[in-house]
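Counted the way the numbering used here counts, the sequence shown spans residues 121 to 380. Data block below; observations after.
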Amino acid sequence: MKHTEGNAMKQLGMLLAVLLALAGETPAPPVRHLEYAFATYPTAVPNHGYYNGTMSVDILGTAPDGGMLVRTSDWWYYTLRPRQAVECEVYASGDVHCDSVPPYPSDSALVLLPLLAQNFFSHGSPVAAASWQQHYTVSFNKGTFVTDVSMNLDATPKGDGKFLLVKSKGEIQQRDRREHYASEEGTFVYYPAEAVPLTIHDERGHLPTNSIYTRTSVDLRLTKDSAATDAAAIQGLPPVQFQVTKPPASGGPTPQPILP
Numbered sequence: 121m122k123h124t125e126g127n128a129m130k131q132l133g134m135l136l137a138v139l140l141a142l143a144g145e146t147p148a149p150p151v152r153h154l155e156y157a158f159a160t161y162p163t164a165v166p167n168h169g170y171y172n173g174t175m176s177v178d179i180l181g182t183a184p185d186g187g188m189l190v191r192t193s194d195w196w197y198y199t200l201r202p203r204q205a206v207e208c209e210v211y212a213s214g215d216v217h218c219d220s221v222p223p224y225p226s227d228s229a230l231v232l233l234p235l236l237a238q239n240f241f242s243h244g245s246p247v248a249a250a251s252w253q254q255h256y257t258v259s260f261n262k263g264t265f266v267t268d269v270s271m272n273l274d275a276t277p278k279g280d281g282k283f284l285l286v287k288s289k290g291e292i293q294q295r296d297r298r299e300h301y302a303s304e305e306g307t308f309v310y311y312p313a314e315a316v317p318l319t320i321h322d323e324r325g326h327l328p329t330n331s332i333y334t335r336t337s338v339d340l341r342l343t344k345d346s347a348a349t350d351a352a353a354i355q356g357l358p359p360v361q362f363q364v365t366k367p368p369a370s371g372g373p374t375p376q377p378i379l380p
């Protein structure tokens with residue numbers, strides 16, 4: 121009896137030791153680290169919103185099913201610490217699966233994540249204009265909530281083919297019981313050499329009521345990239361302008377969004 125109790129205590133001790141060792145493990149560093157300045161605001165009142173700050177994006181590696189593991193966290197300008205990080209898988213087509221929710225990705229992250237996909241801008245050409253359709257889905261909680269997105273994209277090479285200026289126009293459909301619809305319209309500057317969007321301006325509004333007064337704008341601008349070999353591509357962008365939190369004085373100029 122004593123021998124059995126001794127073995128049980130020994131096994132329990134070993135289990136506790138393993139748990140303590142695992143708790144003390146240092147997470148592996150990301151394969152790539154990006155930072156974006158972001159702003160989210162009503163389209164009709166540019167720069168008068170309250171949601172802006174810095175988004176941290178860590179590319180962690182490849183999942184067993186081939187998806188790219190990405191961790192995002194927003195640090196809004198008025199908070200003491202970043203929001204809880206969210207991990208999602210981004211597939212080559214642009215599909216995004218966020219199974220460990222809540223927390224849910226922010227509006228800014230949901231705009232950015234598909235644009236990090238390997239093949240999202242693959243039809244763009246450095247020598248000629250190109251047009252194509254891009255379809256992807258965003259899934260939460262292992263498919264409990266699914267949204268379909270369809271975009272028409274038009275890309276024009278800029279800077280001797282170094283960059284792509286991409287215009288988008290699309291539709292968004294929620295496939296849960298609410299069956300909400302929305303329109304999408306955006307402008308992106310993509311850097312093929314580093315496979316990363318430099319600037320993003322995206323507007324979305326619910327359908328059928330779709331006017332400038334019911335639309336929301338999301339702006340992002342890359343500010344740091346741990347893998348960037350051409351730092352001038354980032355440094356050459358205009359300085360980031362954060363939003364103001366109150367309207368301008370009567371008769372004064374109206375602030376502009378962070379993207380022209």
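Even glycine gets a Cβ: it sits at the ideal position worked out from N, Cα and C.
Query - Which of helix, strand or coil DSSP assigns to Val-231 - result: In the sequence shown, the residue the question calls residue 231 occupies position 111. Helix.
Query - Per-residue burial, Tyr-311 [other beta carbons within 10 Å of its own, 16 or more giving buried] - result: Reading the sequence shown from its first residue, position 191 is the one you call residue 311. The residue in question, Tyr-311, is buried, as its Cβ has 16 or more Cβ neighbours within 10 Å.
Query raised in the report: Helix, strand or coil: which one does DSSP assign to Ala-212?
Result: Position 92 of the sequence shown, counted from the start, is the residue given in the question as residue 212. In the structure shown, Ala-212 sits in coil (DSSP, three-state: anything other than H, G, I, E or B).
Query raised in the report: Would the beta-carbon of Pro-277 fall within 9 Å of that of Ala-249?
Result: Residue mapping note: residue 277 aligns to position 157 of the sequence shown, counting from 1. Residue mapping note: residue 249 aligns to position 129 of the sequence shown, counting from 1. Yes, they are a contact pair.
Requested in this report: In the DSSP assignment, find the beta strand (DSSP E) that holds Gly-250 and state where it starts and stops.
Outcome: Locating residue 250 in the sequence shown gives position 130, where the first residue counts as 1. Residue 250 is actually Ala in this sequence, not Gly. Unbroken beta strand (DSSP E) run through Ala-250: 250–260.
Query - Proximity winner among Ser-226, Ser-259, Val-286 and Arg-201, relative to His-243 (alpha-carbon distances) - result: Sequence index remark: in the sequence shown, residue 243 carries index 123 (1-based). Put simply, of Ser-226, Ser-259, Val-286 and Arg-201 the residue whose alpha carbon is nearest the alpha carbon of His-243 is Val-286.
Requested in this report: With distances taken Cα to Cα, identify the nearest neighbour of Leu-180 among Arg-152, Thr-160 and Arg-341.
Outcome: Walking along the sequence shown from the start, residue 180 turns up at place 60. For Leu-180, the nearest C-alpha among the options comes from Arg-152.
Query raised in the report: Looking only at its own chain, which residues have a Cβ that is under 7 Å from the Cβ of His-300, when we skip the five neighbours before and after it?
Result: Along the sequence shown, one-based indexing puts residue 300 at 180. For His-300, where only same-chain residues beyond five positions count, the Cβ hits under 7 Å are Gln-294 and His-326.
Query raised in the report: Just how far apart, CA to CA, sit Thr-209 and Ser-251?
Result: Taking the first residue of the sequence shown as position 1, residue 209 is located at position 89. Taking the first residue of the sequence shown as position 1, residue 251 is located at position 131. It should be pointed out that residue 209 corresponds to Glu in this sequence rather than to Thr. Spanning the two alpha carbons is a distance of roughly 26 Å.
Query - Buried or exposed (CB count within 10 angstroms, at least 16 for buried), Val-269 - result: Walking along the sequence shown from the start, residue 269 turns up at place 149. Looking at its Cβ environment, which holds 16 or more other Cβ atoms inside 10 Å, Val-269 is buried.
Query raised in the report: From the DSSP output, which residues share a beta bridge with Phe-308?
Result: Numbered from 1 along the sequence shown, position 188 holds the residue referred to as residue 308. According to DSSP, which records beta bridges pairwise, Phe-308 is partnered with Val-286 and Ile-320.
Query raised in the report: According to the Cβ coordinates, are Leu-340 and Ile-354 closer than 9 Å?
Result: As a working note, residue 340 is residue 220 in the sequence shown. As a working note, residue 354 is residue 234 in the sequence shown. The answer is no: Cβ separation not under 9 Å.
Query - Classification of Pro-225 by the beta-carbon crowding that lies within 10 angstroms, buried from 16 upward - result: Stepping through the sequence shown from its first residue, residue 225 is reached at position 105. It is buried - the Cβ of Pro-225 has at least 16 other Cβ atoms within 10 Å.
Query - Residue from Val-206, Ala-229 and Trp-195 with nearest C-alpha to Val-338 - result: As a first step, residue 338 must be located in the sequence shown, where it is residue number 218. Closest by alpha carbon: Ala-229.
**Report entry** Proximity winner among Glu-304, Val-216 and Thr-174, relative to Arg-201 (alpha-carbon distances)
**Finding:** Counted from its first residue, the sequence shown places residue 201 at position 81. Checking every option, the nearest Cα to that of Arg-201 belongs to Thr-174.
**Report entry** Cut-off 7 Å between Cβ atoms - residues of its own chain near Ala-237, not counting five sequence neighbours on either side
**Finding:** Working through the sequence shown from its first residue, we reach residue 237 at position 117. The beta carbon of Ala-237 sits closer than 7 Å to the beta carbons of Val-210, Tyr-211, Ala-212, Ser-213 and Gly-214 from its chain, once the five residues preceding and following it are set aside; these are given in chain order.
Query raised in the report: If you draw a straight line from the C-alpha of Met-188 to the C-alpha of Ile-292, how long is it?
Result: Numbered from its first residue, the sequence shown carries residue 188 at position 68. Numbered from its first residue, the sequence shown carries residue 292 at position 172. So the two alpha carbons sit approximately 23 Å from each other.
Query - Beta-carbon proximity list for Lys-289, same chain, < 6 Å, skipping 5 on both sides - result: By 1-based counting over the sequence shown, the position of residue 289 is 169. Answer for Lys-289: Asn-272 and Glu-305, listed in chain order.
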